[in-house]
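**Student:** Protein chains in written order, with UniProt numbering: chain A, 1 to 380; chain B, 1 to 253.
Backbone N, C-alpha and C fix where the C-beta goes; we use that ideal spot for every residue, glycine too.
Once you've had a glance at the structure underneath, I'll fire off some questions.
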Amino acid sequence: MIRDAEILGGLVETVRRFVRERLVPAEALVEETNAIPPAIIDEMRALGLFGLSIPEAYGGLGLTMEEEVMVALELGYTSAAFRSVIGTNNGIGSQGIIVDGTEAQKAHWLPRMASGEVIGSFALTEPDVGSDAGSVRTTARREGDHYILNGTKRYITNAPVADVFTLMARTGEAGPGGVTAFLVAADSPGLSLGPPDRKMGQRGTKTCDVILRECRVPADAVIGGVEGQGFKTAMKVLNRGRLHIAAVCVGQAQRLCDEAVGFARSRVQFGKPIAEHQLVQAMLADCATETYAGLCMVTDAARRFDAGERIVQQAASCKLFCSEMAGRVADRALQVHGGAGYMQDYPVEHFYRDVRLFRLYEGTSQIQQIIIAREMCAQR
Amino acid sequence: MKVLVPVKRVIDYNVKVRVKADGSGVDLANVKMSMNPFDEIAVEEAIRLKEKGIATEIVVVSIGVKQAQETLRTALAMGADRAILIEAAADVHTDIEPLAVAKLLAGVVKEEGPGLVLCGKQAIDNDMNATGQMLSALLGWSQATFASELAVSGDAATVTREVDGGLQTITVKMPAIVTVDLRLNEPRYASLPNIMKAKAKPLATKTPADYGVDVAPRLSVVKTVEPAGRKAGVKVSSIEELIAKLKDEAGVI
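Structural data, given as structure tokens:
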């Protein structure tokens, strides 16, 4: 749902300009230094990018899903590391509070997340807990008006810069019903961070372990104030995030199309630009067609979400198709570049490594397939 | 002090301009349009004056087609307080000539009573570089063109001008027209929350008749042509040959 086409047009145009004028030219630097220049993060803050999906009542933009998708398509046009900076505040790092938090929790955290003053992060994955998200081993035991947390959280996006974690820990029986979602401040006693993860791609993104040793948090840190709701909260958070990630994948695919076309038009072999060779044209055509299919899917699913439809299956389909599609498009775009595509002088080299992650995080492709099939077979 | 900033909707600077088949002008149908970059610098400077407490209100004005509203909204999102659209054309291909624009702006100035008019030095579509100067002549106000630095204190403005071969600093009496050059500042991006709020800011719509100005063109375009393509270069086999060619053929040494 687009509330006001003119306003959204101005918004999307500004993000597009910012991405192309400020972020794209900084990609090589981010790749080389494995860090995003602080000045760019300040600009992202000034622009208001941290509060896209946070409700207007808490200082955010309160974008509808369709509007958010249109912005995510633009942000996806550049290195994924830039999107990652604002990704958690607009997704997994804030959504738990938005969907299930108490009024006091919302008022305390959301306005500062919307402004980018506070960075939120999401801590579900553990060394032995990945796709089987209900089997969380981190424990939380009640002691008076506090909880004591013990365990390790793994591959936590933005953990090195986070101020607060939406963190899943076990308060009850085995299985999903014993998991509780906590808001754990990064300066809680007993919380420490592991060394930065050394990743295959998406250089510039910050991830690491979060280690809890007798970590004390106040009892009112339980999201929504009720124990045992953590797994449900986590699933709601991930459900909405799937459309955002799918849109980012389409943005990445669009960029890869443009890189491939740009190269194919200027590279001359056999006396003419390779864009005039039919086997190259076939690769370009497949890239564009699949990108367009992804765009249509994610736009349709976002509209349905805004209309209040249950879109668990469609969101999983979007995440599955768009992440896998971005991988195929990256592979072809690199192929179009020939040997040059294997060199770090061309952006396609790091995009090829970057897009690999989309098939893994916030639910692997296989988990999406299971969700889709489960929804298909469910009796309603 | 109130600051008036005229802004023009022009073909976006990233767009590759195409000449219409009949040579009557540039094809603007379905082409991306944006605020003239020099006008954006003028808006930014006005906002900075307001942030310094020198300007109290920023009024932006655009003259042209109805779609110039979008350009005004951009200025409002950046930080202008209110906007005036003078709808003077129905076809996007109609360009209102500098003299008509200057006469309309003179009308706005009389109505609004600003202490300073900040304009772009020229619009990137027709490169006339005339409106600010004509406005100054019509009003009998001081003018300072091609500003790369601006300081306002009391009833005077000190302006550093980019002139051929260097910089010139002058002081002009207020009220004044200052036309701004590229290096004056780097315009900010309108923040997303401000873009959403801009629609609530006042935008008044007027017509040239409201100011008693006839916008009929005085100039006629004879023809419009694409720039000639670049000729292929030549390879020389020695430095001696290069020097000889530079001397005899190019005549540059």
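1) Taking the C-alpha atoms as reference points, what is the distance between B/K247 and B/K231?
2) Does any CB atom of chain A fall closer than 8 Å to the CB of B/M174?
3) Could you give the residue range of the beta strand (DSSP E) that holds B/G165?
4) Check whether the Cβ of B/M196 lies closer than 8 Å to any Cβ atom in chain A.
5) Could you pull the start and end residues of the alpha helix (DSSP H) that A/F321 belongs to?
6) Between which residues of its own chain and B/P98 is the CB-CB distance below 8 Å, once the five residues before and five after are set aside?
7) Hey, A/L61 and B/M196 are a contact pair by Cβ (cut 8 Å); roughly how many whole angstroms apart?
8) Quick check on the DSSP output: what are the complete beta strand (DSSP E) runs of length 3 or more inside the region 226-292 of chain A, in order along the chain?
9) Counting Cβ pairs, one atom from each stretch, are 3 or more of them under 8 Å apart for the region 62-78 of chain B and the region 1-17 of chain B?
10) Can you list, in chain order, the residues of its chain with a C-beta nearer than 8 Å to that of A/C296? Leave out the 5 residues immediately preceding and following it.
11) Could you give the first and the last residue of the continuous alpha helix (DSSP H) run that contains B/N194?
12) Using only CA atoms, which one of A/Q335, A/A80, A/R20 lies nearest to A/K206?
13) Would you identify the three-state DSSP class for A/T125, choosing helix, strand or coil?
14) Which one or two residues does DSSP pair with B/R82 in a beta bridge?
15) Please check the pair B/D12 and B/K20, which I expect to be a contact at CB under 8 Å, by giving their CB distance rounded to whole angstroms.
16) Is the beta carbon of B/V178 less than 8 Å from the beta carbon of B/A157?
17) Please confirm if A/A46 has its CB atom under 8 Å from at least one CB of chain B.
18) Tell me whether the beta-carbon of A/S266 lies closer than 8 Å to the beta-carbon of A/L320.
19) What is the rounded straight-line gap between the Cα of A/Q313 and the Cα of A/I371?
20) Taking the alpha-carbon positions, what's the A/A373 to A/A315 distance?
21) Between residue 317 of chain B and B/E249, what straight-line distance do the alpha-carbon atoms span, to the nearest angstrom?
22) Within the same chain, show all residues whose beta-carbon is closer than 6 Å to that of A/A288, passing over the 5 residues directly before and after it, in chain order.
23) In its own chain, which residues sit with a C-beta less than 7 Å from the C-beta of A/I274, not counting the 5 before and 5 after it?
24) Could you check which residue in A/M113, A/C215, A/I245 has the C-alpha nearest to that of A/A151?
25) So is A/D4 in contact with chain B if we call contact Cβ pairs under 8 Å?
26) Distance, Cα to Cα, B/E45 vs B/E149?
27) Could you tell me whether the region 203-212 of chain B touches the region 80-100 of chain B, where touching means 3 or more Cβ pairs closer than 8 Å?
28) For A/R353 and A/M200, what's the separation of their Cα atoms in angstroms?
29) Look up A/I86 in the DSSP assignment and say whether it is helix, strand or coil.
30) Could you tell me whether the Cβ of B/A68 comes closer than 8 Å to any Cβ of chain A?
31) Could you give the residue range of the beta strand (DSSP E) that holds A/K153?
32) Can we say the region 132-142 of chain A touches the region 62-72 of chain A, given the rule of at least three CB pairs closer than 8 Å?
33) Who are the near neighbours of A/R170 in its chain, counting only those whose CB is closer than 8 Å to its CB and skipping five residues on each side?
34) Using a Cβ-Cβ cutoff of less than 7 Å, which residues in the same chain neighbour A/G101 once the five nearest sequence positions on both sides are dropped?
35) Go to A/I40, then tell me how far its alpha helix (DSSP H) extends in each direction, as first and last residue.
36) Could you name the residues of the same chain whose beta carbon sits closer than 7 Å to that of A/G48, not counting the 5 residues immediately before and after it, in chain order?
**Tutor:** By the coordinates alone:
1) 20 Å
2) no
3) That residue, B/G165, is in no beta strand (DSSP E); it is neither H nor E in DSSP.
4) yes
5) 312-337
6) M128, A130, T131, M134
7) 6 Å
8) none
9) yes
10) none
11) 192-198
12) A/A80
13) coil
14) B/V59
15) The Cβ separation is near 18 Å, so there is no contact.
16) yes
17) yes
18) no
19) 7 Å
20) 13 Å
21) This structure cannot settle anything about residue 317 of chain B, because the visible part of chain B is limited to 1 through 253.
22) C257
23) A264, R267, V280
24) Rather than Ala, the amino acid found at residue 151 of chain A in this sequence is Gly. Ranking A/M113, A/C215, A/I245 by Cα distance to A/G151 puts A/C215 first.
25) yes
26) 10 Å
27) yes
28) 7 Å
29) helix
30) no
31) 146-157
32) no
33) V136, R137, T138, T139, A140, G178, V179, T180
34) I223, G224
35) 38-47
36) L61
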